[in-house]
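According to our numbering, the sequence shown holds residues 4 to 389 in order. Take a look at the structure set out below.
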Amino acid sequence: MNALDDSNGTAIPATTLPGTFIVHSPAVIAPTADFTVNISSGTSPLTVQFADNSSGTEPFSLEWNFGDGSPNETSSAPVHTFVTDTQATYTVTLTVNNSAGSSATAEAITVSTTEPTHPPDSITNLHNTTYQETLITWNWTDPSSETFDQVMIYLDGVFQANVTKGSGTFTAANLSPATMHTLGTRTTGTTGLINETWVNHTATTAPYQDPSSFTVTLESGWNVVSTPILLAPGHSQFSQIFSAGDQEKIVQALGWDGSLWYAAQANDEMTPLYAFYINVKEGEVAHATIVPSTSISSPPARALVTGWNLIGPAPAYEDGGFSPKPVEDSLITIEGDYRIVVSPGLHQPSWSYVRGGASRDLLPYKGYWVFMDHPDTLAGFSTTPL
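And the structure:
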């Protein structure tokens, strides 16, 4: 039988049909980007498995941007490790292309640092640097732990304050004369972990003292010393402030004139708003006797020069003594002209202060460096008689 025949088997001649035949290919669908991850957050280093889940007509071209500066990848199931030393969020973007178009989608991957499992170390070298009838000042050395944040302060078992790192000092005020007080401390970390080990120190306030005189203790080594009050005639020179025995314990006394050091002499006077560097022999303790004037006097004033000046605070006498005063209050009369204040340490808290920064206290009987942009007059607050 022929390829074409009728029902009787008779061949039918082949014919060609006129016209155009169109063959349709399947339509290409633009992609819709999508992907999955096995984990979207964790601690560094964080390894993430990505998997393309895009729809549309293949073949696709893929491009992964991991948001961390690493080279882009083009595989369908990349594995990527995120590394950071601080908490970070990375935006991972998948871009999909085919002949019909392009599509992109993104997802955030959050990576944190490993949480510390131990609290910071305790403070060290806790000791009192000054004590008066109504106040005690303690200093300490902060721990070097990276996570150290602040020191929790307790006075006689009662919480007082949190002292941030870098301060290293606390003053308890409004105490009674000749009373014993214990400062308790614990350290806390940036993540909230608390060191349960207590570091304590006990000190006693000074006994009540007739305001006719005050005793200032100078420790072994260098001290920066000043008087907050005008001294009485016959009690204002170094040879009168220090007994003969105490003078034997002093190696050197230096003053600063605004540009040069000079050696203080026995007949030099100590006046409010000025300070001196005094070096006490190793292993010795010297005592200065401060005898206020009984005459009527106005608060002290002193001309400061451009550059560095060595000053002593002159707070008002109140509650049986001279109390610490915030640096910005102590220097209010030169507010627009000073730039830096430095506490040199040397048996007093060591710190530096820039105008407008976190407040610090100026302690009576101590000394401080003040840098002046312009000359100005510094005024004190103390008057006589007490």
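Backbone N, C-alpha and C define an ideal beta-carbon position, used for all residues, glycine too. Small disclaimer: the values here were computed from a predicted structure and weren't measured.
_Among Val82, Ala267 and Gly324, whose alpha-carbon lies nearest the alpha-carbon of Thr386?_
Gly324
| message | Quick check on Thr207: does DSSP put it in helix, strand or coil? | response | strand
key: Euclidean distance between Cα positions of Val51 and Ala206   = 58 Å
Quick check on Val283: buried or exposed, where buried means 16 or more other Cβ atoms within 10 Å of its Cβ? buried
When the cut-off is 9 Å and only beta carbons count, does Gly359 lie next to chain C? No chain C is present in this structure, which holds just one protein chain.
Open item on the list: I'd like to confirm the pairing. Which residues does DSSP put opposite Lys328 in its beta bridges?
Closed with: Leu365
Handout entry: Simplified DSSP state of Gly248, which is helix, strand or coil
Key = helix
For Val40, which beta-bridge partners are listed by DSSP? Phe53
| query | Cβ of Ser148 within 9 Å of Cβ of Thr190? | reply | yes
- Message: In this structure, how does DSSP classify Phe73 when only helix, strand and coil are distinguished?
- Response: This sequence places Ser at residue 73; Phe is not what is there. Here Ser73 sits in coil by DSSP.
task = Just confirm the distance between the C-beta atoms of Thr336 and Ala382, as a whole number of angstroms; I'd bet it's less than 8 Å.
result = 4 Å
Legend entry - Pair within 9 Å by beta-carbon distance, Pro180 and Pro231: no
Query raised in the report: DSSP puts Tyr134 in a beta bridge; with which residues?
Result: Ile139
*Based on Cα-Cα distance, which residue from Gly45, Pro62, Asp379 and Ile281 lies nearest to Thr35?*
Pro62
> On the three-pair Cβ rule with 8 Å, is the stretch 167-185 touching the stretch 129-149?
Replying inline: yes
| said: With H, G and I counted as helix, E and B as strand and the rest as coil, what does DSSP make of Gln268? | reply: coil
- Select from Thr309, Gly45, Leu334 and Val308 the residue whose C-alpha is nearest the C-alpha of Pro318. Leu334
Bridge partner(s) assigned by DSSP for Gln255:
Asn282
Query raised in the report: Going by the CB atoms, is the gap between Thr113 and Ala91 shorter than 9 Å?
Result: yes
Three-way DSSP call (helix, strand, coil) for Ser79 in this model: coil
>> My parser needs the beta strand (DSSP E) runs of 3 or more residues fully inside the stretch 132-204; what are they?
In response: 139-144, 151-158, 161-167, 172-175 and 183-192
- prompt: Which class does Ser333 belong to by DSSP, given the choice of helix, strand or coil?
  reply: helix
Count the other CB atoms within 10 Å of the CB of Leu263; is the residue buried (16 or more) or exposed (fewer)? exposed
Quiz item: From Val373 to Pro210, what does the alpha carbon distance come to, in whole angstroms?
Solution: 33 Å
- Contact check, Thr89 vs Thr116 under 8 Å by CB: the rounded distance? 6 Å
*asked:* Considering only their Cβ atoms, is the gap separating Leu365 from Pro316 smaller than 9 Å?
replied: yes
Checklist line | Within the stretch 218-246, ranges of the beta strand (DSSP E) (whole runs, at least 3 residues) | finding: 224-229
For Gly370 and Ala278, which I take to be in contact (beta-carbon distance under 8 Å), what is that distance rounded to the nearest angstrom?
3 Å
- Taking all protein chains shown into account, decide if Met4 is buried (16 or more other Cβ within 10 angstroms of its Cβ) or exposed. Bear in mind that the predicted position of Met4 carries a pLDDT of just 42, short of 50, making it unreliable; the figure below should be weighed with that in mind. Burial call: exposed.
Review point. Hey, out of Ser102, Gly192, Ser105 and Ser73, whose CA is closest to Thr94's CA?
Key: Ser73
query: Is the CB-CB distance between Thr150 and Thr194 below 9 Å?
result: yes
Report task. May I have the straight-line CA-CA distance separating Asn128 from Thr188, to the nearest angstrom? Result -> 12 Å
Practice task
For the beta strand (DSSP E) containing Ile112, list its first residue and its last residue.
Solution key: Gly104 to Ser115
* Helix, strand or coil at Tyr356 according to DSSP, with G and I counted as helix -> strand
### Query
Based on Cα-Cα distance, which residue from Thr84, Ala107, Ile293 and Phe53 lies nearest to Gly237?
Ile293
According to DSSP, simplified to helix, strand and coil, what is Thr96? strand
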